[in-house]
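> Here it is, the structure in full.
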Amino acid sequence: MTGVPLLDQHLLSVLIGLPLVGAAALLFLPREGHRTIRNVTFLFTLAEFLLSLLVVARFESGTAAMQLVESVPWIPRYGIGYIVGVDGISLWLLMLTTFIMPITILSAYSSVQKHVKEFMVFMLILATAMVGVFVATDLFLFYVFWEMVLIPMYFLIGVWGGERRIYAAIKFFLYTFVGSVLMLVAILALYFHHYAVTGTYTTDLVKLYSLTIPVKMQFWLFAAFFLAFAFKVPMFPFHTWLPDAHTEAPTAGSVILAAVLLKMGTYGFLRFAMALFPVAASDFTPLIVTLAVIGILYGALVAMVQKDVKRLVAYSSVAHLGFVMLGLFALNLQGIEGGILQMINHGVSTGALFLVVGIIYERRHTRLISEFGGLSRVLPVFAFCFMVITLSSIGLPGTNGFVGEFLIMLGAFRTHMWHTAVAATGVIFAAVYMLWMFQRVMYGKVTQEENLRLEDMNGREVAYMLPLLLLVFWIGVYPQPFLRRMDASVAAFVTRFEAQKQAALRGSPAGETMLVRYFDSGK
Amino acid sequence: MIEPPAYLLLSAILFGIGVVGVVARRNILIILMSVEVMLNGVNVAFVAVGSYLGDATGGIFAFMVMTVAAAEAAVGLALLIALYRIRETIDITELKVLKW
Amino acid sequence: MVSGVLDYLWLVPAFPLLGVILNGVLALIAERPFLLKEAGLPPPGGSHGHPSRGNSHATEAPGSHGSGASGPHSAPVYRNVVAFLAPGAVGASFVVALLCVLSLAARPPEGRTFVQILFPWIQSGSFLAPVGFQLDPLSSVMALVVTGVGFLIHVYSVGYMSHERAFARYFVYLNLFMFAMLMLVLANNYLLMFVGWEGVGLCSYLLIGYWYEKQSASDAGKKAFIVNRIGDFGFLLGVFLIFWTFGSVSFTDVFARIPLLRDSGVLTAGMATAITLLLFLGATGKSAQIPLYVWLPDAMEGPTPVSALIHAATMVTAGVYMVARSSALFLLSPDAMSVVAVIGAATAIFSATIGICQTDIKRVLAYSTVSQLGYMFLACGVGAFAAGIFHLMTHAFFKALLFLGSGSVIHALSGEQDMRKMGGVRRYLPVTFVTMFAATLAISGIPGLSGFFSKDEILWQSFSSPHGSPALWFVGALAAGITAFYMFRLVFLTFYGGSRMDPEVEKHVHESPWTMTVPLSILAVLSVAGGWVGIPASLGGDNRFEEWLAPVFRSVAAAGAHGAATGAHPSVSLEFGLMGISVGVALAGIGIAYFLYRLRTSKPAEIARRVPALYDLVYHKYYVDEIYEWAVVRRVVDGSVWLWQMFDALFIDGIVNGIADGVRSAGDRVRRLQAGIVGGYAFSLLAGAVLLVGYILYRSMVP
């Protein structure tokens, strides 16, 4: 193999470490030198993205196994290791993270003016944590990164946020923390169960996968994981932190929150909750799919009547993530591939939507829809970008949103026909709330004097919007490069899911009800 | 030869004096001194039981406690002086900002 | 080599796409600074005192000719480039399409299906939807109509839109529409068809809302998109059912698998009904049928060439095309066929009656379009798919012409659309008048003109086909009479009689430039002669049109063995009799119109006064919009507000904040224990130690 073998061996570790190195480097820069601080941060995140392209280059799409694996003992006496790797499920989420970082940093050039140094340091720490979440294949390591994400985000909202930032930050923190504490308990239970069965302690996910967990245990562990991830996704009815957090967070925070943080929940379902506890996951499916469909409609309807643009986008996220959940719990290839793709799509589209909102917020310092109107005339370039993003969010064929939603519904239609039929009406409502918002902001006559003086997007803004627009069309027109790299992993996931489920159910009578399966003492 | 229970009794008495001092007195200086007395009470027990069992660990622990006590006294007195400079009192009933 | 031409089929949609890209670049680079300057933005800079400052004029009339002090004379060069590029792209695509069709026609009838796969689009497991095109007799008719009429309307638009500021933007949308429409028509599978399907919906949205500063225009655009989306929802579910039933979404695979799956019992009649009704829901949205027709009349807010192209000739016929394309599936389900026929007939008569009372020239034409689309569905519903497509083609000619003609009138009258303020325009606009009159004769079904042949074929089939019935025929014939009536009402009100024009407007009335009149003339020729390709055997013709389409629909008949749709004509004399009746009804309609609007011009108002309730009902379009607004829109919005404020903010967040408050108030009480008195802490420490030691002692003594 040509290239730099050493780099290849430690590629994922480099990706985890590089932002931290950047954060450390910032500490040596004078705090008044805003321009230097921003540029250095941008260069670090850009380097991070370019390096992550190497992951795609090295990625073998034919295998379902973890790739670019690094495994070193971390706390050996407890069987805890530093194990990282990527497969088709995490590859694009990793790429999404590294892709969105330089973009948000660019957007923060103008939107963040106070405490620039601290802001950038938090952003870089956040980058490390997010990358870590997606590449960790050791439960303990995963949990560390999972919690590590909370802290910088808490400060990003709490320090650089809007008027009700403290409320939003605390709500965000506590909501997600409650879930993750339950997850920690479940992780420990799993850890001790592994010891009880095999006589060794480990938190290595791949080893845990091969464990057959008794069904009664699956129920409780899945329930704990479910809460942790459902809070994060967020699924209806655990979603109310999201509108507050999104609305109050600074633009860059909203973008990362939407693009990456929410995906941690859906990714967690796929990687942990579903993969480890297939029986419980199957039994929970009706509940989860129902909640997902309610979320789709509920998010869309409530988004429709919002007065604040960011809040509207936040509720639309609830609907979009409902689609992702629907896809994952279709439990077939199309649904899950669609779900993963839709995670990426939502990151691109909703991330871009927050950037768009940020652009006008910076100019007018308001997010109220009624303050705008007629902007198309004043801001033609902005209007174009906004329109493309709107269409992508609506899921118009030819844009990324359609491919994801289509595959999700195609897959889910097979397993949950009626749920999917109801969910599909969400596509109608998506058009209602997005177009209505677009109309009120962009169309009509300019009614406010100050809107006439708005300046169109500048070069920097175009520069960070352009990659997103390209991705919208790329995924929309030719999603093959993305889908093909998922195939093997998702197919293996579906197969293993079924096999593990059968293994865990061996010996239990057919047609056993959930009540008996989980709560009957068996005597 | 004095029997071990006697040492332990001495230890308990010293400890008791210290406790009473800590709980009952209002002067921080006295309280700090009482803490020292308590620590020394414990030291007596360590040394006595150590020698009774023929194990050096008790003695080592006593030295350990003495070291910590010295450090604690140094830090405590420094704080005390700083506190006195600010509040011009070392009466604990008047120093109750550490609440709610 | 002739067959080699077909390999360039992909160029047909590619040319308009190229046009989109080039014009888009021009719009963003050349037009943007020009527009900003013209609009007086940013502030310093001479706005020529035209209404850019929000409140000066309430509405900006469509085709607002007076608004730009800088008319076409100061037009920058880029406009000429756009004016050449946009129609040129469509023209090129017409030429390629024509060559491809000719080369297809050179093949034997059974081999006239050409499929070109470009690349896989969405692939996941067993699912595959490629970007692939299919040219067969059906799609070639559509491709030629779309590119041909599309090209004429592009040329017309150059003249019609010459006063518009956002010239390039208009042509970007129009080219994008051509691209999407060609994707729809040429797609070789349902999913790619859906791309075009939603794509044309998008362009419709953008073009209706072209004058986005006007509230009614952007409302209409939004309404069109959303109502279409309701239909698309059905289409999409239909595609899911098709895939999970047939294991493929490509047309050739699906239709080829029908016999096998039917025999094996996988494809039951119920399944076929479900699939086809879902697809038909999509068609009712796109083709403006009951109950989703409400968007089309409002769509007249767009520029008139757009109404001609999208809302008359091409996009709205996509539903008919799709149903005809899926004829093999529809024939499996007699129930679905009946639904299609009944909805088609009902829409035909329902919207024809609304057309009687409308005063806006474009709205009359809009309701007429809805009505004519109903005819096409009636044809499909009785199994006469070829007749439906035939009417689709002739309708494209004469309705495009009617819209373009009305556009010419509106253009000449400085944006006036109210027929009550027209009259006697014939003198000023001779070319427009003659061409439009030809189209009116055609739509009324006067023998010899295109509309006659297609409409008569539909009426005949609706009577004689196994799926048809005399009732359907009766409704169709009645609607034909009403159509003749309101069309002549339109012509009389607009072109005849004394002038009721605003004197100020009348001063500027002028015949349109050649870019507009030439397309009108070409379409007039097509409206007259376009039907001659489908003269039925009973009139001595050989119905070449049906013969051309036969390979598509014959294989259909074979697939649905018991649904022998296009059966032999039972009786020539019966056919002649029905033909006579329908011509008679049409002439009666014309006669009544002549009587009311030429002879007794006071009569209409008198009639309206005599039956006020009925008149009011029809004039207000049966209050359907109001009912929808009240029963659907308000319910949904109110419900959503309730969900947000009561459920989200009050209930869920109430629980969340309630827990937080509970914890906080508990802490509030407990914190009182922290009195800050060091002695207290020391005492509790001691007490704790004593208790602990006591407990340990107790445990060690009591076993």
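Protein chains in written order, with the numbering used here: chain V, 12 to 534; chain Z, 113 to 212; chain D, 111 to 813. For every residue, glycine included, the Cβ atom is placed at its ideal position computed from N, Cα and C.
(1) Assign tryptophan 120 of chain D to one of three DSSP states: helix, strand, or coil.
(2) Return no unless some Cβ of chain Z is closer than 8 Å to the Cβ of glutamate 770 of chain D.
(3) Taking the C-alpha atoms as reference points, what is the distance between methionine 315 of chain V and leucine 442 of chain D?
(4) Quick test of the definition: if touching needs 3 or more C-beta pairs under 8 Å, does the segment 512-526 of chain V touch the segment 115-125 of chain Z?
(5) Kindly indicate the opening and closing residues of the alpha helix (DSSP H) around glycine 687 of chain D.
(6) My output table needs one value for asparagine 343 of chain V: the three-state DSSP class, helix, strand or coil.
(7) Quick one: what does DSSP say glutamate 81 of chain V is sitting in, helix, strand or coil?
(8) Assign glycine 231 of chain D to one of three DSSP states: helix, strand, or coil.
(9) Using the three-state DSSP reduction, which class does threonine 410 of chain V fall into: helix, strand or coil?
(10) Are the beta-carbon atoms belonging to glycine 517 of chain D and methionine 611 of chain D less than 8 Å from one another?
(11) Chain Z beta carbons: is any one of them nearer than 8 Å to that of leucine 796 of chain D?
(12) If you reduce the DSSP assignment to three classes, tell me which class phenylalanine 237 of chain D lands in.
(13) Per the contact definition of three or more C-beta pairs closer than 8 Å, is the segment 558-574 of chain D in contact with the segment 425-441 of chain D?
(14) Thinking just about the alpha-carbon of each residue, which of D/Val449, D/Trp321, D/Met381 and D/Gly586 is nearest to the one in alanine 409 of chain D?
(15) Which bits of chain D does valine 320 of chain V rub up against, with CB to CB less than 8 Å?
(16) For threonine 148 of chain V, collect the residues of the same chain with a Cβ closer than 8 Å to its Cβ; drop the 5 residues on either side in sequence, then sort them by chain order.
(17) Mark tryptophan 740 of chain D as exposed unless 16 or more other C-beta atoms lie within 10 angstroms of its C-beta, in which case mark it buried.
(18) How about methionine 288 of chain D and glycine 306 of chain D: do their beta carbons lie closer than 8 Å?
(19) Who are the near neighbours of leucine 281 of chain V in its chain, counting only those whose CB is closer than 8 Å to its CB and skipping five residues on each side?
(20) Output yes or no for whether 8 Å exceeds the beta carbon distance between threonine 550 of chain D and methionine 597 of chain D.
(21) With a CB to CB cut of under 7 Å and the five nearest residues on each side skipped, what residues in its chain are close to glycine 437 of chain V?
(22) Determine, using beta-carbon pairs with one atom in the segment 572-583 of chain D and one in the segment 492-506 of chain D, whether at least three such pairs fall under 8 Å.
(23) In chain order, what residues of the segment 765-792 of chain D put their CB closer than 7 Å to some CB of chain Z?
(24) Are the C-beta of threonine 205 of chain Z and some C-beta of chain D separated by less than 8 Å?
(25) Can you tell me where the beta strand (DSSP E) with tyrosine 93 of chain V in it begins and where it stops?
(26) Is it buried or exposed for glycine 412 of chain V, if we count other Cβ within 10 angstroms and need 16 for buried?
(27) Could you give the distance in angstroms between the alpha-carbon of arginine 435 of chain D and the alpha-carbon of leucine 248 of chain D?
(28) Run down chain V in chain order and give the residues with a C-beta less than 8 Å from the C-beta of glycine 309 of chain D.
(29) Check whether the segment 331-346 of chain D and the segment 303-318 of chain D are in contact - that is, three or more C-beta pairs closer than 8 Å.
(30) List the endpoints of the continuous alpha helix (DSSP H) containing proline 576 of chain D.
(31) By the criterion of Cβ-Cβ separation under 7 Å, what are the contact partners of methionine 476 of chain V in chain D?
(32) So for glutamine 124 of chain V, helix, strand or coil by DSSP?
(33) Please check if any C-beta of chain V sits within less than 8 Å of the C-beta of tryptophan 354 of chain D.
(34) Which residues of chain D have a Cβ atom closer than 9 Å to the Cβ of isoleucine 439 of chain V, listed in chain order?
(35) Look at the alpha carbon of methionine 285 of chain V and the alpha carbon of tyrosine 489 of chain V, and state the distance between them as a whole number of angstroms.
(36) In the segment 250-333 of chain D, which residue ranges form an unbroken alpha helix (DSSP H) of at least 4 residues, counting only runs that do not cross its ends?
So, from the listed chains and residues:
(1) Indexing the third sequence from 1 puts residue 120 of chain D at position 10. If DSSP states are grouped into helix, strand and coil, tryptophan 120 of chain D belongs with coil.
(2) Position 660 of the third sequence holds residue 770 of chain D. What sits at residue 770 of chain D in the sequence shown is alanine, not glutamate. False, the Cβ-Cβ gap to chain Z never drops below 8 Å.
(3) One-based indexing of the first sequence puts residue 315 of chain V at position 304. One-based indexing of the third sequence puts residue 442 of chain D at position 332. Distance between the alpha carbons of methionine 315 of chain V and leucine 442 of chain D is about 41 Å.
(4) no
(5) For the purposes of this step, residue 687 of chain D is taken as the residue at position 577 of the third sequence. Residues 682-704.
(6) Against the first sequence, residue 343 of chain V aligns to sequence position 332. Three-state result, asparagine 343 of chain V: coil.
(7) Indexing the first sequence from 1 puts residue 81 of chain V at position 70. Strand at glutamate 81 of chain V.
(8) The count along the third sequence starts at 1 and reaches residue 231 of chain D at position 121. With the sequence shown as reference, residue 231 of chain D is identified as tryptophan, and glycine is not the correct amino acid for it. DSSP places tryptophan 231 of chain D in strand when its eight states are reduced to three.
(9) For the purposes of this step, residue 410 of chain V is identified with residue 399 of the first sequence, where counting begins at 1. Here threonine 410 of chain V sits in strand by DSSP.
(10) Within the third sequence, residue 517 of chain D is the residue found at index 407, counting from 1. Within the third sequence, residue 611 of chain D is the residue found at index 501, counting from 1. Not closer than 8 Å, so no.
(11) Reading the third sequence from its first residue, position 686 is the one you call residue 796 of chain D. Yes, contact with chain Z.
(12) Taking the first residue of the third sequence as position 1, residue 237 of chain D is located at position 127. Residue state, collapsed to three classes: strand.
(13) no
(14) The count along the third sequence starts at 1 and reaches residue 409 of chain D at position 299. Ranking the options by Cα distance to alanine 409 of chain D, first place goes to D/Trp321.
(15) Taking the first residue of the first sequence as position 1, residue 320 of chain V is located at position 309. In chain order: nothing, as chain D lies at least about 15 Å away.
(16) By 1-based counting over the first sequence, the position of residue 148 of chain V is 137. Once the five neighbours on either side are set aside, the close Cβ partners of threonine 148 of chain V are Met77, Val80, Ile94, Val95, Gly96, Asp215, Leu216 and Val217.
(17) If you number the third sequence from 1, residue 740 of chain D lands on position 630. Tryptophan 740 of chain D is exposed by the Cβ-count criterion.
(18) As a first step, residue 288 of chain D is located in the third sequence; it is residue number 178 there, counting from the start. As a first step, residue 306 of chain D is located in the third sequence; it is residue number 196 there, counting from the start. No, Cβ-Cβ distance for methionine 288 of chain D and glycine 306 of chain D is not below 8 Å.
(19) Working through the first sequence from its first residue, we reach residue 281 of chain V at position 270. Cβ neighbours of leucine 281 of chain V beyond the five flanking positions: Ile100, Leu339, Ile347, Gly350, Ile351 and Phe504.
(20) Stepping through the third sequence from its first residue, residue 550 of chain D is reached at position 440. Stepping through the third sequence from its first residue, residue 597 of chain D is reached at position 487. Contact flag set, yes.
(21) Locating residue 437 of chain V in the first sequence gives position 426, counting from the first residue. Closer than 7 Å at Cβ, skipping near neighbours: Ile307, Leu308, Ala311 and Ala330.
(22) yes
(23) Arg781, Gln784, Ala785, Gly786, Ile787, Val788, Gly789 and Ala792
(24) Looking up residue 205 of chain Z in the second sequence gives position 93. Judged by the 8 Å Cβ criterion, threonine 205 of chain Z is in contact with chain D.
(25) Here residue 93 of chain V is taken as the residue at index 82 of the first sequence, counted from 1. Taken as a continuous stretch (DSSP letters only), the beta strand (DSSP E) holding tyrosine 93 of chain V covers 91-97.
(26) Residue mapping note: residue 412 of chain V aligns to position 401 of the first sequence, counting from 1. Label assigned to glycine 412 of chain V: buried.
(27) As a first step, residue 435 of chain D is located in the third sequence; it is residue number 325 there, counting from the start. As a first step, residue 248 of chain D is located in the third sequence; it is residue number 138 there, counting from the start. Their Cα atoms are separated by approximately 8 Å.
(28) As a working note, residue 309 of chain D is residue 199 in the third sequence. Those within 8 Å of glycine 309 of chain D in chain V are Leu407, Pro408 and Gly409.
(29) yes
(30) Working through the third sequence from its first residue, we reach residue 576 of chain D at position 466. Here proline 576 of chain D belongs to no alpha helix (DSSP H), and DSSP marks it neither H nor E.
(31) Residue 476 of chain V sits at position 465 when you count from the first residue of the first sequence. Those do not exist, as methionine 476 of chain V stays about 13 Å from chain D at its closest Cβ, beyond 7 Å.
(32) Locating residue 124 of chain V in the first sequence gives position 113, where the first residue counts as 1. The answer is coil: DSSP assigns glutamine 124 of chain V none of H, G, I, E or B.
(33) Your numbering for residue 354 of chain D matches position 244 in the third sequence. Closer than 8 Å to some Cβ of chain V, the Cβ of tryptophan 354 of chain D qualifies, so yes.
(34) The residue labelled residue 439 of chain V in the question sits at position 428 within the first sequence. Here the neighbours are Ile336, Arg339, Ile340, Asp342 and Phe343.
(35) Sequence index remark: in the first sequence, residue 285 of chain V carries index 274 (1-based). Sequence index remark: in the first sequence, residue 489 of chain V carries index 478 (1-based). When rounded, the distance between both Cα atoms is 29 Å.
(36) 277-296 and 300-318
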